[in-house]
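**Student:**
Chains as they are written, first to last, in our numbering: chain A, 1 to 60; chain B, 1001 to 1241.
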């Protein structure tokens, strides 16, 4: 077992906070992606198209 | 595929879909190896085991500044070439840069308490990094409150360019002013002042954090392109109703 000395609480807290922030960021981006895909699929299913799709282009 | 083709959002999305799984896998692998090297790194002769906080704090600080660097380049793309992908890149970088700056501030504070005897001191380095974090929050507020991305793009680009002045202030604050924060020990003239047994794990962790930044940035750019497509389609739907 790795010894973290008398300041182990500060070291563990640093790694815990970093892990929490990174996991929250990944979770937020993944959830946002699913939400955008779902809304996009719903709009496409209802026959809504982008202006660029009608004109044959592919701008955002 | 020519580089100029990536300026096309559809081709960019296709590239991101292909590259993202590899980038995510590389990030996980480098993080695993980096953490393995961190566990094997020796304690510092002065700071003891608290030096392990450095392996998070320093890469997070670099990435917090790099995030604003990405936004500055994106701002030039928005203002000079008026390309919509530039604003997409800037907007996607803002929350990621803010998160890394937050990690830098929290881990720095947790490192400062046992080493300096205080969680916070208003010295030039700490204060300029706090200013960077507040600038990120301002940028996020600007992006998230503007309904029309075309309108917010110009204002965000100007804020990014103004905020870029803070980056050299952060970097050189420890040389220009008398600070409690230690001077540069990796990126300095005359080479790194850290022993290889600690420097190598630090550089591996910095690479892992950088890969994480670009993985998240590409994923967030993809989200933003899709969000703008949704907005465009809803406007088309509203017009035809």
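All C-beta atoms, glycine included, are put in the ideal place defined by N, C-alpha and C. These numbers were taken from a predicted model, which means no experiment stands behind them.
Would you say residue 36 of chain A reaches chain B, if we count a Cβ-Cβ gap shorter than 7 Å as a contact?
**Tutor:** yes
**Student:** Round the Cβ separation of residue 1010 of chain B and residue 1211 of chain B to the nearest angstrom and send it over; I've been treating them as touching at under 8 Å.
**Tutor:** Incorrect: roughly 25 Å between the Cβ atoms, too far for contact.
**Student:** Once DSSP output is grouped into helix, strand and coil, what is the label at residue 943 of chain B?
**Tutor:** What the structure shows of chain B is the stretch from 1001 to 1241, and residue 943 of chain B is not part of that stretch, so it cannot be assessed.
**Student:** Chain C partners of residue 23 of chain A, CB-CB under 9 Å?
**Tutor:** Of the protein chains in the structure, A and B, none is chain C.
**Student:** Pick from B:1075, B:1236, B:1111: whose alpha carbon is nearest that of residue 1155 of chain B?
**Tutor:** B:1075
**Student:** Given a limit of 8 Å on CB to CB distance, which residues of the stretch 3–15 of chain A reach chain B?
**Tutor:** 3, 4, 5, 6, 7, 8, 10, 11, 13, 14, 15
**Student:** Name, please, each residue of chain A whose Cβ falls closer than 8 Å to the Cβ of residue 1046 of chain B.
**Tutor:** The premise fails here: residue 1046 of chain B is roughly 12 Å from chain A at the closest Cβ pair, so nothing lies under 8 Å.
**Student:** Would you mind telling me which residues of chain A sit closer than 7 Å to residue 1200 of chain B, beta carbon to beta carbon, in chain order?
**Tutor:** Correct list: empty, because the minimum Cβ distance to chain A is about 18 Å.
**Student:** Name the chain A residues whose beta carbon is nearer than 8 Å to that of residue 1096 of chain B?
**Tutor:** By Cβ distance, chain A contributes 25.
**Student:** For residue 1095 of chain B, which three-state DSSP category applies?
**Tutor:** helix
**Student:** Is it buried or exposed for residue 12 of chain A, if we count other Cβ within 10 angstroms and need 16 for buried?
**Tutor:** exposed
**Student:** Any beta carbon of chain B sitting closer than 7 Å to that of residue 31 of chain A?
**Tutor:** With 7 Å as the cut-off, residue 31 of chain A does not count as an interface residue toward chain B.
**Student:** Count the other C-beta atoms from every protein chain shown that fall within 10 angstroms of the C-beta of residue 1165 of chain B, then say buried if there are 16 or more, exposed otherwise.
**Tutor:** exposed
**Student:** Is the shortest distance between the beta-carbon of residue 43 of chain A and the beta-carbons of chain B less than 7 Å?
**Tutor:** Chain B, which has a Cβ nearer than 7 Å to the Cβ of residue 43 of chain A, makes this yes.
**Student:** Does the beta-carbon of residue 1046 of chain B have 16 or more other beta-carbons within 10 angstroms, so that it is buried, or is it exposed?
**Tutor:** exposed
**Student:** With 16 as the cutoff for other CB atoms within 10 Å, does residue 47 of chain A come out buried or exposed?
**Tutor:** exposed
**Student:** For my contact list, residue 1218 of chain B and residue 1020 of chain B are in at a C-beta cut-off of 8 Å; report their separation, rounded to the angstrom.
**Tutor:** 6 Å
**Student:** Tell me the residue span of the alpha helix (DSSP H) that contains residue 1186 of chain B.
**Tutor:** It is not in any alpha helix (DSSP H) - residue 1186 of chain B carries neither H nor E in the DSSP assignment.
**Student:** Going by alpha carbons, who is nearest to residue 1213 of chain B out of A:20, A:25, A:14, A:10?
**Tutor:** A:25
**Student:** Mind checking whether the beta-carbon of residue 1138 of chain B lies closer than 6 Å to any heavy atom of the ligand PLP?
**Tutor:** This structure simply doesn't include the ligand PLP, nor any ligand for that matter.
**Student:** Excluding five sequence neighbours on each side, which residues of the same chain lie with their C-beta closer than 7 Å to the C-beta of residue 1149 of chain B?
**Tutor:** 1087, 1228
**Student:** Which term fits residue 34 of chain A, buried or exposed, when burial requires 16 or more other beta carbons within 10 angstroms of its beta carbon?
**Tutor:** exposed
**Student:** Can you tell me which of the three DSSP states residue 1125 of chain B falls into?
**Tutor:** Shown here, residue 1125 of chain B sits in a helix according to DSSP, grouped into three states.
**Student:** Which of the three DSSP states, helix, strand or coil, is assigned to residue 1147 of chain B?
**Tutor:** coil
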